[in-house]
Structures are given as structure tokens and as C-alpha cells.
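Worksheet: one structure, shown below.
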Amino acid sequence: MDEYENDSYFSPNESQYYGEYYDYPNITLESESYVAHNAVKIISVIIYSLTFLLGVPGNALVLWIAGLKMRRTVNVVWFINLAIADFLCCLSVPFSISDTLLESRWPYGTIMCKIIPPFVVLSMFASVFTLALISLDRLVLVVRPVWAQNHRSLVLAGVLCGLAWVLAILLSLPSMILRTTVSFPYTNVTFCTYDIQDGENISQSLVAVTQRIRFLFGFLFPLFIIITCYTLITLKVRSSSFRAGRAFKIIVAVIVSFFVCWLPYHALGIAREDGQDEEMVILLDQLSIALAYVNSCLNPLLYVFVGQDFKEKVRLSLRRILENAFSEDGTHSSMRSKATQSHNTASSVAQL
441 MDEYENDSYF
451 SPNESQYYGE
461 YYDYPNITLE
471 SESYVAHNAV
481 KIISVIIYSL
491 TFLLGVPGNA
501 LVLWIAGLKM
511 RRTVNVVWFI
521 NLAIADFLCC
531 LSVPFSISDT
541 LLESRWPYGT
551 IMCKIIPPFV
561 VLSMFASVFT
571 LALISLDRLV
581 LVVRPVWAQN
591 HRSLVLAGVL
601 CGLAWVLAIL
611 LSLPSMILRT
621 TVSFPYTNVT
631 FCTYDIQDGE
641 NISQSLVAVT
651 QRIRFLFGFL
661 FPLFIIITCY
671 TLITLKVRSS
681 SFRAGRAFKI
691 IVAVIVSFFV
701 CWLPYHALGI
711 AREDGQDEEM
721 VILLDQLSIA
731 LAYVNSCLNP
741 LLYVFVGQDF
751 KEKVRLSLRR
761 ILENAFSEDG
771 THSSMRSKAT
781 QSHNTASSVA
791 QL
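Numbering (my numbering), first residue to last: 441 to 792.
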């Protein structure tokens, strides 16, 4: 703990919220605030570490199996898109761990400051737009099955995913543009923060607009679309003999997990925007960011525990790797494994 944390007072301009990063200048080693802050730091590091350890190999495995091992369907395209967004988000987790351990100091320069912190926001937009597309796709399959049979294609799904990424990048650009590194006088430390100099009203307004865009386009509007889609689906199939398949359950689980993980982030963001800068709100806000990152590692776990067929596909793929690795001649075992695998059921992400 350096003297910056031990100082009892700094000017108001040095005590502020840095978007995804925080500064706690009024915390002393003896105060209850320091104890709470230290507990939040430890919990956040644990959450980030688990997210990285589970999310990187988990999403990589999904990309490998869905991209190379499975027959390409529209549903597979959706889930590959989700895995890409989650995988990129997980790759940025080590920077969040470093930022937490370094007490929000940023040693990586201005360019990385503009790229790394908005990664989680980019992932949020790409993921929620994909979930909205999946919901609309489910709705079309139910209410317009003939049209879906004639027009639902891999090309259309790919184009829609591309548009989702373009829109996600455009909505993330303000956060990237406004971010910069700031060094405070007499402290010799650098932070990655929004470029607000001396409390300029224009800059503060831009940051407020950016935060509202995140909430509206990254949470509220997609949630409305998804709820509307599944309400219409329920009304349409209520009188029929519809039975929810495994893929349907996976989709619902993925959607619920996304909004559960991101709800605290947006709720506390609104609280801060309303001027509630109490220390407890700031601490909870930091935990909410860690929880938002957790969403990027959950989908592979949901596929395994909810999707039995996907679990079987994972088991067979891992077994093939081991057989090829331990065999003196991997060609024969690979051929036998391919012949066996062709008789298995399709993965749950390709159903419904």
C-alpha cells in the first residue's frame, strides 16, 4: 500500500469513478472502508480468475466442436457467435485482475486503455443482440414455419450476426473514444478513465449518454424484444402439443443467465448516474462488473449440464484427442472414432 492510499484527503477531482475502474483515495489502513475494499478486491480477483480459467478453455472448446465437428445449422451459427463474444471477453480478464491488484493503476498505455476496458461492453452488445436474434428466430419458426423453411438459411444467419457485430462495435465506440490515461499530480500514478478534465459539462454529458446507451441498447430494448418473442411463442403453442426440447431449454437458460449477470451492473450504473456515489454503491458496482464478466464463462457450462447431446459430443471429442495422442498410429483410431461418431445424435445446439 503506497502513500497515495494512505493519504487522508485528495481534491474532489481525484476521487471519481472510472467506468470499469475505480480509485479509493480516502481509504486508510485502519478504517472499516479499507477492510471492505480489501474484501471486495479479493472476491473480485477470485471471480475474475474463475471466469478466465473456465471461460477461455470452455468457449474455445465450444468453438472447436461447433465450428469443426458439428454439422453447420442456423442454431450452430448463433451459438458460435455467442462463443466468439464470450471468448474475446474472457481474454481481457487478466487485465481486470491486474487492474484490481494494482488498485486501478494502469501501466499499459493509452492505446490499450482505449481497447481493453470496452471489451466487456462490446461482448455485452454482441451477446445480447445475438440472444435477441435467437428469440426472433424461435418466433419465426413457430408463427411462420413455411416462411422459415423457405428463407431461414446459413447465409442469412451469418449476415445477421455480422450486422450484430457492426452495431455492437458502433455502440462501443464512444467508450473507446472517450477513454484515455490520466496521471494525477504529486502521485506519480496513471489511471485509465474517461476524458473528463476539470468537470467539463460536455464531457460529463457524453459519458452520461454513453451509460444510457449501454442500458437501453444493451439491456432494456433486447429484454423487451426477448420477452415479447417468448410471450407470443407461449400464446401460439399453448393450445398445441408443444413440448420444450433440450435446445429450447438451453436457449432459455442462456438468456436468463445473461440478464441475471448483467442486471446488477445496469442497476448500479443507474444509481451512480442519479448521484448516489456512496462508498458502498461504488464497492457493489465493482462486484457487479465482476459478475458481468462471469456471464462469459457460463454458456459452455450450460451446454454441458443442460445439453446431454453436447456433453456426449464433448466426451467423444476429448476421447479422440487422447486416443490419437496415446496411439502409435493415430490414423486408425481416428477413422474408427469418426465412424462411431456418425451414428450419434446431433448436438443439442442444433436441435429445435
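By construction, the Cβ of each residue, glycine as well, lies at the ideal position given by its N, Cα and C atoms.
Per DSSP, what are the beta-bridge partners of residue i in this structure?
i: F631; result: R545 and V622
Under DSSP, the alpha helix (DSSP H) around residue i begins and ends at which residues?
i: A506; result: Looking at the DSSP string, A506 is not in any alpha helix (DSSP H), and its letter there is neither H nor E.
i: F527; result: V514 to L531
i: F664; result: F661 to V677
i: S736; result: E719 to V746
Does DSSP put residue i in a helix, in a strand, or in coil?
i: I556; result: coil
i: R652; result: helix
i: S593; result: coil
i: R578; result: helix
i: R712; result: helix
i: V496; result: helix
How about residue i: is its C-beta nearer than 8 Å to some C-beta of chain B?
i: Y743; result: In the displayed structure, chain B is absent; only one protein chain is listed.
Below 8 Å CB to CB, which residues in the same chain sit around residue i once its five sequence neighbours on both sides are set aside?
i: A693; result: L742 and V746
i: T771; result: At T771 the pLDDT is 35, less than 50, meaning the model places this residue with poor confidence; the figure from the coordinates comes in the next sentence. Cβ within range, chain order: n/a, list empty.
i: L542; result: none
i: G598; result: V517
i: W587; result: V580
Could you pull out every residue in the same chain whose Cβ sits closer than 7 Å to the Cβ of residue i, ignoring the five residues on either side in sequence?
i: C553; result: W546, R619, T620, T621 and C632
i: I520; result: L503, A506 and G507
i: L663; result: F699
i: A608; result: L562, F565, A566 and F569
i: T550; result: T620 and T621
i: S736; result: T491, G495, D526, C529, C530 and S563
i: I695; result: L571 and I666
i: E719; result: S473
i: D725; result: L708 and R712
i: C796; result: In the structure displayed, the chain extends from 441 to 792; residue 796 sits before or after that span and is not available.
i: S532; result: I556, F559 and V560
i: L582; result: Looking at the sequence provided, one finds Val at residue 582 rather than Leu. Hits under 7 Å: I673, K676 and V677.
In chain order, what residues of the same chain have a beta carbon less than 6 Å from the beta carbon of residue i, not counting five sequence neighbours either side?
i: T540; result: K481, S484 and V485
i: A525; result: S563, A566 and S567
i: A711; result: V721
i: A523; result: N499, V502 and L503
i: S623; result: T630
i: L600; result: L573
i: H706; result: F655 and F659
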